[in-house]
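Here's the structure, in structure tokens; my notes come after.
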Amino acid sequence: MKTGIYWYSTTEKKKTEELLEIAAARYWGAAEKGENRRLVRPAGGKPRFINAPGKEFSVSHSGDWWVCALADRPVGIDLQQHTRLKGEEPDAAASRYGRMAARFFHPEEKEYVLEKDVYRRFFRIWAAKESYVKYTGQGINSDFGKFSVLPEGGFRLEEKAGKTLSWRAAGAWFIQVPAPPGYTLCFCSAGKAEVTVSEF
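Note that our numbering has the sequence shown beginning at 1014, numbered continuously upward.
Quick look at the structure:
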């Protein structure tokens, strides 16, 4: 499956619909603009293009970046800026995110986050989980802690920054894509994907 991931710096304000149309035209071609790119947002469901069945997308924005994934089958993407509260020390942030992991994550994920490097690992798991619920269309709900995005078969996630990583979990494929410093980006789909990344 081919997938296009498109980045946009949000320092110049544009609406999501406008950015999505630009990205869709680049991915599927200029003919795929206008009416074919109108969106519908069903209550409790995944946003989709009204007049373009089979053309799928997922959008995320965090900090100074907007990002989307485009493909011909369902996808999910999530971008997380590694944030701290104003004046919060790194150890205090790690402690706070550790408590959040204990509250919202699957027990295996909680153990992984609390094992070491809590601050970075929290965002890594959160981005993967949110990309999964965007892929499935279920959104963040009471089932958020009932599934694990850690690799199946007992494999450990590599700890190499700036490297593209892929793994299978929860019946889906995850790809952690290199992101700007202070961010984590994760993509999710039904199977392995050939990903191209572009900034505009």
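Idealized CB from N, CA, C, for every residue including glycine.
Note the first and the last residue of the continuous alpha helix (DSSP H) segment covering Phe1117.
One-based indexing of the sequence shown puts residue 1117 at position 104. Note, Phe1117: alpha helix (DSSP H), 1103 to 1117.
Specify, as a first and last residue, the run of the beta strand (DSSP E) that Ser1071 falls within.
Position 58 of the sequence shown, counting from 1, holds the residue named residue 1071. First-last of the beta strand (DSSP E) with Ser1071: 1069 to 1075.
Counting along the chain, where does the beta strand (DSSP E) carrying Val1162 start and finish?
In the sequence shown, the residue the question calls residue 1162 occupies position 149. Run containing Val1162: none; DSSP gives neither H nor E here.
So is the beta-carbon of Ser1161 under 7 Å away from any non-hydrogen atom of the ligand SAH?
Within the structure as shown, the ligand SAH is missing, as the structure has no ligands at all.
At which residues does the alpha helix (DSSP H) containing Ile1018 begin and terminate?
As a first step, residue 1018 must be located in the sequence shown, where it is residue number 5. From DSSP, Ile1018 is part of no alpha helix (DSSP H) but of the beta strand (DSSP E) over 1015 to 1022.
The alpha helix (DSSP H) with Glu1025 in it runs from where to where?
Locating residue 1025 in the sequence shown gives position 12, counting from the first residue. Counting along the chain, Glu1025 falls outside any alpha helix (DSSP H), and DSSP gives it neither H nor E.
In the structure shown, what three-state DSSP assignment does Glu1172 receive?
Position 159 of the sequence shown, counting from 1, holds the residue named residue 1172. Assignment of Glu1172 by DSSP, reduced to helix, strand and coil, places it in the coil class.
Taking Cβ positions, are Ala970 and Asp1104 nearer each other than 8 Å?
Limits of the chain in this structure are 1014 at one end and 1213 at the other, which puts residue 970 out of reach.
According to DSSP, what are the bridge partners of Phe1062?
Here the question's residue 1062 lines up with position 49 in the sequence shown. DSSP, once it has assigned bridges, lists Leu1052 as partnering Phe1062.
Where the beta strand (DSSP E) containing Phe1200 begins and where it ends:
Numbered from its first residue, the sequence shown carries residue 1200 at position 187. DSSP places Phe1200 in the uninterrupted beta strand (DSSP E) bounded by 1196 to 1202.
Straight-line Cα distance separating Gly1076 from Glu1025:
Within the sequence shown, the letter at position 12 stands for residue 1025. Within the sequence shown, the letter at position 63 stands for residue 1076. Whole-angstrom Cα-Cα distance: 13 Å.
Report yes if the CB atom of Glu1069 is closer than 8 Å to the CB atom of Arg1051, and no otherwise.
Translated into the one-based positions of the sequence shown, residue 1069 becomes position 56. Translated into the one-based positions of the sequence shown, residue 1051 becomes position 38. Against a cut-off of 8 Å, the Cβ pair of Arg1051 and Glu1069 comes out as no contact.
Between which two residues does the alpha helix (DSSP H) harbouring Leu1127 extend?
In the sequence shown, residue 1127 corresponds to position 114, counting from 1. Counting along the chain, the alpha helix (DSSP H) containing Leu1127 begins and ends at 1120 to 1128.
Taking Trp1219 as the reference, which of Lys1123, Lys1028, Ser1108 has the closest Cα?
Here the chain covers residues 1014 to 1213 and nothing more, so residue 1219 does not appear.
Taking Ala1182 as part of the beta strand (DSSP E), name the residues at either end of that continuous run.
Numbered from 1 along the sequence shown, position 169 holds the residue referred to as residue 1182. Taken as a continuous stretch (DSSP letters only), the beta strand (DSSP E) holding Ala1182 covers 1178 to 1182.
Do Ala1182 and Ser1155 count as a contact pair if the criterion is CB distance below 8 Å?
Residue 1155 sits at position 142 when you count from the first residue of the sequence shown. Residue 1182 sits at position 169 when you count from the first residue of the sequence shown. No. Outside cutoff.
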